[in-house]
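Trainee: Residue numbers (the UniProt record's numbering): 1 to 1038.
Even glycine gets a Cβ: it sits at the ideal position worked out from N, Cα and C.
None of the values given here were measured: they were computed from a predicted structure.
What follows is a structure written as structure tokens; I'll ask about it next.
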């Protein structure tokens, strides 16, 4: 588990220089925590920033040292997800589903712990909260502890009894902590009564009885407590209520009352104050009765038994300003305290259940029987402005009562203790102004509030942990007092027990999550707090000087945080390994499917995919081109044979290839200069069954003339038999009639696509795949290259290849394979197109070979340094070949090929042929390889290196050589390449996948499994996360 001392407390100061909301309905303590619904996140979101219009105190603008970037990213992500209402509504169903599936349960809990739990919960146990409480105190903040495990009457066991014991433990823990501190005793404990009963229905029936038996008053529903309520609790439960309540109700209520008395007695002894949460109005009459009875007993001054300072109350009731009754209710409470000689504890909040209260009133009206008296208006104010006025009016009245209780006529006014629970800065400022007006404080010339001695024990403010940290910090800094006046409401509890509580509270507290001051505002403040303005920040990754002098486009802060979060998730191998199972499970559950897709769309889809359709990618392509970058479009919908539907999907994929070519051509027709929007093709997705490609590959390996090229060999003229040879020979070789038809249909489809691409001036890149498909892929690429890469006079290609094959440097065959391809291009007089990559399927290649032929015959290099050496050597070979074909431009001949000769075991062979040419795309995320290639260009005379470190590519070479990185990965390297290499057209491309979310999700998950070598090691997810973190930190903090 992440420890709090280093992770959480610093976050309180992170958002200090933020805007202020004008709306927050503060929930009674136990609720808001739940805005943290779980959100199973294969991850998670991306989101805009906006100014909120009001600044906080200047002293709160500094960010504390040691601020964790992961905490910043987590906060931004969590509130972005909490800003989506469907996620909140479906969270209980998601949790229930995930908790019931082995494997998925562990994954979902791990995600929740790193996100929502870390954001809103103080720890699994009381000791876990100690570092955080200590850190809060060092920041001049108190703590309101709440055990956030609720009773669920649908489950077995006595959770409510455990909750009562935990409340007592919280009181002792708070007392022990305060014994180590000086003054104030500002660690309090919150209590939620419905969690302390076997069934909350007992409290509801008790409330119904009280409302029916109290004397009639003019106080709106749910009324205000009467002395008869206390008599009922103290003297007559069994005698008075037997007809109204069940025996179990009476037993439970009596037990609760006695337990609360024990808790309050211990709290008074330990100097710990108890706040009793308000709840729905149908429970509130009963809650009021308990609070009144406990206040009359424990809030009376008794210095010999109390460690509470200044005769302050032990018990605080919660008063909800959105209830119409509140002004009269508070007046009655003050009068009761005066009459019975006790101090009144008031926690004033706005309230969290507005929508539910409206619905409850409508239900009561609909179900009313003749003669029933139902209020014409609901219990709550209809408009937010009415609640705001009620809160501010009540706050002013309460502060004036505090002042009156301290004056010479104070004998007529009871002592008051006030806790203003609000996330609304205007209300906080209003309270402080009232304190100044009432002479309880004075305003210094520097704007700070100098609180009169003793008043800090009578008036305090509170905000939920994980929300409005900027406001809490502002109060802590602006108020000069001898003890903290700002509290953080801090839930705790074991993750497995707290998760249901969080999700249910999220649904109940949607008013906290919506509107001004809610989750959306928190998200905005999280971005705004870094002083980055409203539009985002510029991320300077590497050199940002482009050939045309343009500056780098601003990258929104939301994008940076999303990237940081996504790569944090990708750095967890377990999540990567389980991702297909998680996605498959979520996709099969209605409701969960929609939620999981919404999460993926805002996080992983937004990070790695360009859009749902070609047209959706247009803004991205245009933006990349403005940044001196080209695009390699890839329709990333693969066919899943295990789930059917292949017969139609592969045809759609072929049509999408044609559409991609036309789209790329249309886009390039609007651009000036070189046509640098290319299209990637994955052959196994374009055939009715990938097994046909596998059987073709097996046939070729068995039938080709023998040579010394390591597995999976290299293509030659014999391979053309598949497309034009006798069907009988192919069937004897292991292919079926269906295979032959499918493969020849694919060949004709590809010829059609290539012809279209040639007419539109769009180059085609054929992806490499697993070795068991690769001989077949090589054959297709060779046949198409021989036909479409011949010099055609098409000026759009500048005599460059149309078709590019992909060579994987982690295959031992790579050097010899490239040498044979170069020779074939010379022999058949066509231009060779090569995309050089390291390779992505290392683990699967090793596993497959171990099953079939033993470890001694692995087709891949055993160690990463061997792959690196092979990549760089192949790059040198290709650049030398490029230099040779450019001799007609007066570029010097290449130098020694010693490294390649060593890898090949001899001469690479081949006689130069002026009719052949070469086009290169170096796909790599490795900085060293990129620099190596640029230095090779300089060495061969294809580029010059300037004194300022920039590389200037010779005219025409930029048409024959490019670099590429995946969209969403190594953006820093792409930026460096675009800024450090000067050429007449872009020499760096972004590989941009696209496809409908529901289609792409399985692709993303499977690619994650297949590409663990991309996610791990140098340049992988952990490295991406670290680099993004360093750049953000440098940008923000210098």
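So, helix, strand or coil for residue 993, using DSSP?
Mentor: The answer is strand: DSSP assigns residue 993 an E or B state.
Trainee: Within its chain, find whatever has a CB closer than 8 Å to the CB of residue 727; leave out the 5 residues flanking it on each side and keep chain order.
Mentor: Counting only Cβ-Cβ distances below 8 Å, and skipping sequence neighbours, we find 737, 740.
Trainee: Using the three-state DSSP reduction, which class does residue 420 fall into: helix, strand or coil?
Mentor: Residue 420 falls in the strand class under three-state DSSP.
Trainee: Taking the Cβ atom as the reference point for each residue, do residue 394 and residue 321 lie within a distance shorter than 9 Å?
Mentor: Against a cut-off of 9 Å, the Cβ pair of residue 321 and residue 394 comes out as a contact.
Trainee: What's the call for residue 1029, buried or exposed, on a 16-neighbour Cβ count within 10 Å?
Mentor: It is buried - the Cβ of residue 1029 has at least 16 other Cβ atoms within 10 Å.
Trainee: Whose C-alpha, out of 882, 668, 755, 940, is nearest the C-alpha of residue 961?
Mentor: Answer by Cα proximity: 882.
Trainee: Pick helix, strand or coil for residue 534, following the three-state DSSP scheme.
Mentor: Per-residue confidence for residue 534 stands at a pLDDT of 34, beneath the threshold of 50, marking its modelled position as unreliable; no derived number is given.
Trainee: With 16 other CB atoms within 10 Å as the buried threshold, where does residue 42 fall?
Mentor: Confidence is the limiting factor: at residue 42 the pLDDT is only 33, short of 50, which leaves the residue's position unreliable, though a coordinate-based value still follows. The residue is buried, with at least 16 neighbouring Cβ atoms inside 10 Å.
Trainee: What number of angstroms, rounded off, separates the C-alpha of residue 884 from the C-alpha of residue 800?
Mentor: Spanning the two alpha carbons is a distance of roughly 14 Å.
Trainee: Using three-state DSSP, classify residue 461 as helix, strand or coil.
Mentor: Of the three classes helix, strand and coil, the one that applies to residue 461 here is strand, per DSSP.
Trainee: According to DSSP, is residue 650 helix, strand or coil?
Mentor: Residue 650: helix per DSSP, three-state reduction.
Trainee: Got a sec? Which residues, its chain only, sit under 8 Å from residue 430 by beta carbon, not counting five neighbours each side?
Mentor: Same-chain partners within the cutoff: 392, 395, 396.
Trainee: Please report how far the alpha carbon of residue 594 lies from the alpha carbon of residue 465, in whole angstroms.
Mentor: Spanning the two alpha carbons is a distance of roughly 29 Å.
Trainee: DSSP three-state label for residue 433, please.
Mentor: Helix, per DSSP.
Trainee: For the beta strand (DSSP E) that contains residue 347, what are its first and last residues?
Mentor: It spans 344-349 - the beta strand (DSSP E) in which residue 347 sits, taken as one unbroken run.
Trainee: Report all residues from its chain with a CB closer than 7 Å to the CB of residue 872; omit the five preceding and five following residues, and keep chain order.
Mentor: Answer for residue 872: 929, 932, listed in chain order.
Trainee: Within 10 angstroms of its Cβ, does residue 458 collect 16 or more other Cβ (buried), or is it exposed?
Mentor: When all chains shown are included, residue 458 counts as buried.
Trainee: Under the DSSP definition of a beta bridge, which residues are partnered with residue 885?
Mentor: The partner list for residue 885 (beta bridge, DSSP) is empty, contrary to what the question assumes.
Trainee: Could you name the residues of the same chain whose beta carbon sits closer than 8 Å to that of residue 330, not counting the 5 residues immediately before and after it, in chain order?
Mentor: Taken in chain order, the residues that qualify are 319, 346, 394, 397, 398.
Trainee: What residue range does the beta strand (DSSP E) around residue 334 cover?
Mentor: From DSSP, residue 334 is part of no beta strand (DSSP E) but of the alpha helix (DSSP H) over 326-340.
Trainee: I'd like to confirm the pairing. Which residues does DSSP put opposite residue 376 in its beta bridges?
Mentor: Paired residues: none, contrary to the question.
Trainee: What are the start and end residues of the alpha helix (DSSP H) that includes residue 127?
Mentor: Residue 127 -> alpha helix (DSSP H) spans 126-138.
Trainee: What does a CB cutoff of less than 6 Å around residue 494 pick up in its chain, not counting 5 residues either side in sequence?
Mentor: The answer, listed in chain order, is 124.
Trainee: Under 8 Å: does the beta carbon of residue 134 sit that close to some heavy atom of the ligand MN?
Mentor: This structure simply doesn't include the ligand MN, nor any ligand for that matter.
Trainee: So, under 8 Å CB-CB, residue 835 and residue 804 are touching, yes? Tell me the CB distance rounded to an integer number of Å.
Mentor: Going by Cβ atoms, the distance from residue 835 to residue 804 rounds to 5 Å, so yes, they are a contact pair.
Trainee: Does the separation of the CB atoms of residue 313 and residue 251 fall below 9 Å?
Mentor: No; because the gap between Cβ atoms is not below 9 Å, this pair is not in contact.
Trainee: Since residue 842 is in the alpha helix (DSSP H), which residue starts that stretch and which ends it?
Mentor: Residues 842-852.
Trainee: Could you please give the first and the last residue of the uninterrupted beta strand (DSSP E) stretch that includes residue 167?
Mentor: Careful: residue 167 lies outside any beta strand (DSSP E), inside the alpha helix (DSSP H) at 159-179.
Trainee: At which residues does the alpha helix (DSSP H) containing residue 751 begin and terminate?
Mentor: Looking at the DSSP string, the run of the alpha helix (DSSP H) that includes residue 751 is 737-760.
Trainee: Cα-Cα, which of 624, 189, 374, 349 is closest to residue 212?
Mentor: For the residues 624, 189, 374, 349, the minimum Cα distance to residue 212 belongs to 374.
Trainee: Could you check whether residue 597 and residue 968 sit closer than 9 Å to each other, using their CB atoms as the reference points?
Mentor: Result no, Cβ atoms of residue 968 and residue 597 do not sit closer than 9 Å.
Trainee: Cα separation between residue 681 and residue 788?
Mentor: Their backbone Cα atoms lie some 16 Å apart in a straight line.
Trainee: Decide if residue 949 is buried, meaning its Cβ has at least 16 other Cβ atoms within 10 Å, or exposed.
Mentor: By the neighbour-count rule (16 or more Cβ atoms within 10 Å), residue 949 is not buried but exposed.
Trainee: Rounded to whole angstroms, what is the Cα-Cα separation between residue 711 and residue 637?
Mentor: Computed Cα separation, rounded: 29 Å.
Trainee: Could you say if the region 354-371 and the region 331-345 meet the contact criterion of at least three C-beta pairs nearer than 8 Å?
Mentor: Too few Cβ pairs lie closer than 8 Å, so no.
Trainee: To the nearest angstrom, how far is it from the Cα of residue 270 to the Cα of residue 294?
Mentor: In a straight line, the C-alpha of residue 270 is about 17 Å away from that of residue 294.
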